[in-house]
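K.L.:
Below is the structure I would like to discuss, written out as C-alpha cells.
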DNA sequence: CAGTGGTCTAGACCACACC
DNA sequence: GTGTGGTCTAGACCACTGA
C-alpha cells in the first residue's frame with residue numbers, strides 16, 4: 038500500500054554485520070527521509086517542521102507511522118516536540134537543555150555559566166591523528182582553537198579544539214568571542230553544522246608546564262583530560278576537542294542508565 | 038472507561054515542582070503497577086513476564102496501552118523485549134549488555150574481562166558521608182569492601198564499595214570471590230537487589246601512599262577518581278562506590294547524546 | 001476557536017522463536 | 001502450527017497553544 042522507494046536498510050541495525058537485506062520497517066524509512074531533510078538544511082535548527090498529518094499524507098502513510106519515526110528522532114535529540122505547537126528541529130541555541138555537552142559542575146553553588154576566553158584560532162595542516170579522527174586526508178586544512186573557561190575569575194578548563202577548515206571557513210577568535218551563547222549554537226547558525234552526538238575518552242594526567250601555567254596549578258598536578266569527538270548527522274565527525282579540567286573545585290558528572 | 042485506581046502521578050514529571058494533580062496518562066499508571074511488581078519481586082530478574090495480551094486484559098486496557106508502558110520500561114533497561122519469545126525482566130547476569138557500568142576500556146586490545154581480587158569485606162558503622170549518600174541513619178551498619186581489577190596481571194582499578202548491611206546481610210569476601218560473573222548479578226540473585234541507574238562524579242587526583250602501593254604506581258601519580266551512587270527501583274540508593282583508576286593504559290569512555 | 005501533538009482503542013498482518 | 005512481540009492502519013477523543 039505505501040508508495041515508498043526500495044526498503045533501503047541504511048539505519049540502525051545493531052546485530053547486522055553479516056549479509057542480508059535486514060528488513061527495514063516503514064517508520065524507519067520515513068525517519069531516514071526526515072534525517073535527510075534535516076541534513077540538507079531543508080529545515081534549520083529551531084524551525085517548525087510540518088505537522089504529523091501533513092507528513093503522513095505527503096509520504097502516503099498513516100499518522101501513527103510518522104509519529105513513531107518522530108518519536109525516535111525526538112529521543113535522539115534531533116527533534117523537539119511541543120504539545121499544541123508542533124515539532125521543531127532541535128538546537129543548541131536554546132537555554133533549556135543546556136549543559137548537555139559540558140558535564141563539569143562546581144562542588145558548591147549553582148551550575149551557572151562560565152566565562153570564556155579565546156586565546157587563538159589558527160589555520161594549519163592537520164596533524165596525523167587529527168586527520169584520522171576527523172576522517173580528512175593527511176595535510177587537509179584545519180582550524181585549531183585554544184580557549185579557557187573560568188569561574189569566579191579562576192581558570193578551570195583549557196580546551197584545544199580542532200575543526201575541518203572546509204565547513205568552518207571564516208571562523209576567527211573575534212567571531213567566537215563576540216557570539217553570546219554556546220559555541221555549538223554558533224556552529225549551527227553561522228556554518229550550518231549541528232552537533233548530534235559525541236564520544237569522550239577520559240583520563241587523569243599530570244599537568245605539563247604550559248597547561249599548568251594557563252590553569253594556574255602546579256606542574257604535575259592531576260588534571261582530567263577529556264578527548265571528545267563530536268559528530269553531525271549520519272555519524273560524520275566534525276570536531277575533535279581535547280580538554281584539560283582542573284577538578285579541585287569541580288567534578289565531571291555522568292549518568293549510567 | 039478503564040477500571041483503574043486513582044490516577045496517582047508518582048512518575049517522572051520533570052517540570053513539576055509546583056502544585057497540581059499533574060495528569061497521568063493510563064500507560065503511566067500501568068507502568069507504575071508493573072514497576073511495583075518488579076520491586077516486590079513478583080517477577081525476578083531474567084524471568085518472563087506475562088504477554089502483552091494477558092496484561093492488557095488483566096488491567097482492562099488495550100494491548101497498545103500496555104505496549105507503550107513496556108516500551109518505556111524497556112528503554113530504561115527495566116525490561117528486555119525479545120521478538121517471538123516474550124518480555125523478560127532485565128538482569129545484570131547476562132553477557133550481552135555487559136560493561137554498562139564499568140566504562141573502562143584498554144587502549145589496545147579487546148575490552149575483555151578483568152581479573153577480580155577481593156581484599157576485604159568488613160561490617161562497620163556508617164561514616165557520616167556514607168550514611169548521607171545511602172540515606173541511612175547515622176551509625177547504621179554498613180559493609181565496606183575493597184577490591185582490585187587487573188588486566189594482564191597488572192592492577193588497574195581499586196574500588197572501595199559501601200553497602201547497607203540490611204539487604205546485604207551475609208555477604209563475605211569469599212562469597213564475592215566464588216561468584217563468577219558481574220557483582221551486580223550476585224546482588225540480584227542472592228539479595229534481590231537490582232541496580233537500575235547510577236550517578237558518577239569524576240575527578241583527577243594524586244595517588245596517596247596506600248593507593249599507589251596497591252596500584253603499583255608512584256605516589257602522586259594522577260589517577261581517575263570515580264564516585265558512584267547506584268540506585269534500585271524508585272531511585273532508592275543502595276551502593277556507594279569509590280574507584281581509583283590507573284588511566285595510563287586505559288581510558289574511561291563516555292557517550293554524549 | 002482551529003490546529004497541534006498526546007492518548008487510547010481495535011483490528012489486521014508480519015517477523016520470529018519454539019515445538 | 002501456535003504464540004510472542006513488531007508494524008501499520010483508522011478513527012476517536014483529550015490536552016495544550018495561540019490567535
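Chains as they are written, first to last, in the numbering used here: chain A, 38 to 294; chain B, 38 to 294.
Note that CB positions come from ideal geometry on N, CA and C, so glycine has one too.
As the structure is a prediction and not an experimental result, all values here were calculated from the model.
So which of A:254, A:116, A:184 has the shortest CA-CA distance to residue 86 (chain A)?
P.N.:
Against the first chain, residue 86 (chain A) aligns to sequence position 49. With distances taken between Cα atoms, residue 86 (chain A) lies closest to A:116.
K.L.:
Quick one: grab the DSSP three-state call for residue 176 (chain A).
P.N.:
Position 139 of the first chain holds residue 176 (chain A). Residue 176 (chain A) falls in the coil class under three-state DSSP.
K.L.:
Would you report the Cα separation of residue 92 (chain B) and residue 67 (chain B), rounded to the nearest angstrom?
P.N.:
Residue mapping note: residue 92 (chain B) aligns to position 55 of the second chain, counting from 1. Residue mapping note: residue 67 (chain B) aligns to position 30 of the second chain, counting from 1. Their Cα atoms are separated by approximately 9 Å.
K.L.:
Within 10 angstroms of the Cβ of residue 288 (chain A), are there 16 or more other Cβ atoms? Answer buried if so, exposed if not.
P.N.:
Start at 1 with the first residue of the first chain, and residue 288 (chain A) comes out as number 251. Answer is buried; the Cβ neighbour count reaches 16.
K.L.:
Examine the Cβ distances between the segment 113-128 of chain A and the segment 261-268 of chain A and report whether three or more of them are shorter than 8 Å.
P.N.:
no
K.L.:
Is the segment 249-261 of chain A touching the segment 160-176 of chain A, taking contact as three or more C-beta pairs under 8 Å?
P.N.:
At 8 Å Cβ cutoff, the stretches do not touch.
K.L.:
Give me, in chain order, the residues of the same chain whose beta-carbon lies closer than 6 Å to that of residue 228 (chain B); leave out the 5 immediate sequence neighbours on both sides.
P.N.:
Along the second chain, read from residue 1 onward, the residue named residue 228 (chain B) stands at position 191. Excluding residues within five positions, the ones whose Cβ falls inside 6 Å are 204, 205.
K.L.:
At 9 Å on the CB atoms, spell out the chain B contacts of residue 290 (chain A), in chain order.
P.N.:
For the purposes of this step, residue 290 (chain A) is identified with residue 253 of the first chain, where counting begins at 1. Neighbours of residue 290 (chain A) on chain B, chain order: 236, 237, 238, 239.
K.L.:
What residues of chain B sit near residue 286 (chain A), judged by a beta carbon separation below 9 Å?
P.N.:
On the first chain, residue 286 (chain A) is found 249 positions in, with the first residue counted as 1. Correct list: empty, because the minimum Cβ distance to chain B is about 10 Å.
K.L.:
Counting pairs of beta carbons, one from the segment 124-133 of chain B and one from the segment 206-224 of chain B, are three or more of them closer than 8 Å?
P.N.:
yes
K.L.:
Using a Cβ-Cβ cut-off of 7 Å, state whether residue 76 (chain B) counts as contacting chain A.
P.N.:
Reading the second chain from its first residue, position 39 is the one you call residue 76 (chain B). No, because no Cβ of chain A sits closer than 7 Å to the Cβ of residue 76 (chain B).
K.L.:
Near residue 271 (chain B), which residues of its chain fall below 8 Å by C-beta distance, leaving aside the five closest residues on each side in sequence?
P.N.:
As a first step, residue 271 (chain B) is located in the second chain; it is residue number 234 there, counting from the start. Excluding residues within five positions, the ones whose Cβ falls inside 8 Å are 72, 76.
K.L.:
For residue 109 (chain A), which residues of its own chain have a beta-carbon under 7 Å away from its beta-carbon, when the five flanking residues on both sides are left out?
P.N.:
On the first chain, position 72 is the one that residue 109 (chain A) refers to. 68, listed in sequence order.
K.L.:
Chain A beta carbons: is any one of them nearer than 7 Å to that of residue 221 (chain B)?
P.N.:
Residue numbering aside, residue 221 (chain B) sits at position 184 when the second chain is read from its first letter. Output row for residue 221 (chain B): interface = no.
K.L.:
Taking the straight line between their C-alpha atoms, what separation do you get for residue 198 (chain A) and residue 163 (chain B)?
P.N.:
Position 161 of the first chain, counting from 1, holds the residue named residue 198 (chain A). Position 126 of the second chain, counting from 1, holds the residue named residue 163 (chain B). Spanning the two alpha carbons is a distance of roughly 45 Å.
K.L.:
Inspect the beta-carbon positions of residue 259 (chain B) and residue 259 (chain A) and report whether they are closer than 7 Å.
P.N.:
Numbered from its first residue, the second chain carries residue 259 (chain B) at position 222. Numbered from its first residue, the first chain carries residue 259 (chain A) at position 222. Going by C-beta atoms, residue 259 (chain B) is nearer than 7 Å to residue 259 (chain A).
K.L.:
Locate the alpha helix (DSSP H) running through residue 221 (chain B), then write down its first and last residues.
P.N.:
On the second chain, position 184 is the one that residue 221 (chain B) refers to. Start and end: 220-228.
K.L.:
In whole angstroms, give me the CA-to-CA distance for residue 46 (chain B) and residue 70 (chain B).
P.N.:
Here residue 46 (chain B) corresponds to residue number 9 of the second chain, with the count starting at 1. Here residue 70 (chain B) corresponds to residue number 33 of the second chain, with the count starting at 1. Legend: pLDDT at residue 46 (chain B) = 36, less than 50; position of this residue unreliable, value from coordinates given subsequently. Straight-line Cα distance between these residues: approximately 12 Å.
K.L.:
Pull up the distance between the alpha-carbon of residue 152 (chain A) and that of residue 240 (chain B), whole angstroms please.
P.N.:
Indexing the first chain from 1 puts residue 152 (chain A) at position 115. Indexing the second chain from 1 puts residue 240 (chain B) at position 203. Computed Cα separation, rounded: 21 Å.
K.L.:
What does the alpha-carbon distance come out to for the pair residue 140 (chain B) and residue 100 (chain B)?
P.N.:
Counted from its first residue, the second chain places residue 140 (chain B) at position 103. Counted from its first residue, the second chain places residue 100 (chain B) at position 63. Using only the alpha carbons, I get a separation of about 37 Å.
K.L.:
Quick one: give me the first and last residue of the alpha helix (DSSP H) that residue 73 (chain B) is part of.
P.N.:
Taking the first residue of the second chain as position 1, residue 73 (chain B) is located at position 36. Its alpha helix (DSSP H) spans residues 63-77.
K.L.:
Between residue 259 (chain B) and chain A, is any beta-carbon pair separated by less than 7 Å?
P.N.:
Here residue 259 (chain B) corresponds to residue number 222 of the second chain, with the count starting at 1. Cβ-Cβ to chain A under 7 Å: yes for residue 259 (chain B).
K.L.:
Once the 5 residues before and after residue 149 (chain B) are set aside, which same chain residues still bring their CB inside 7 Å of it?
P.N.:
Working through the second chain from its first residue, we reach residue 149 (chain B) at position 112. Closer than 7 Å at the Cβ level, and outside the excluded window around residue 149 (chain B), lies no residue.
K.L.:
Should residue 245 (chain A) be labelled buried (16 or more other beta-carbon atoms within 10 Å of its own) or exposed?
P.N.:
Sequence index remark: in the first chain, residue 245 (chain A) carries index 208 (1-based). Label assigned to residue 245 (chain A): exposed.
K.L.:
Using beta-carbon positions only, say whether residue 230 (chain B) and residue 201 (chain B) come within less than 7 Å of one another.
P.N.:
Against the second chain, residue 230 (chain B) aligns to sequence position 193. Against the second chain, residue 201 (chain B) aligns to sequence position 164. Contact flag unset, no.
K.L.:
Report all residues from its chain with a CB closer than 8 Å to the CB of residue 84 (chain B); omit the five preceding and five following residues, and keep chain order.
P.N.:
In the second chain, residue 84 (chain B) corresponds to position 47, counting from 1. So the qualifying residues of the chain are 125, 126.
K.L.:
Determine, using beta carbons only, whether residue 72 (chain A) comes closer than 7 Å to chain B.
P.N.:
Taking the first chain and counting its residues from 1, one reaches residue 72 (chain A) at position 35. No, residue 72 (chain A) does not count as interfacial toward chain B.
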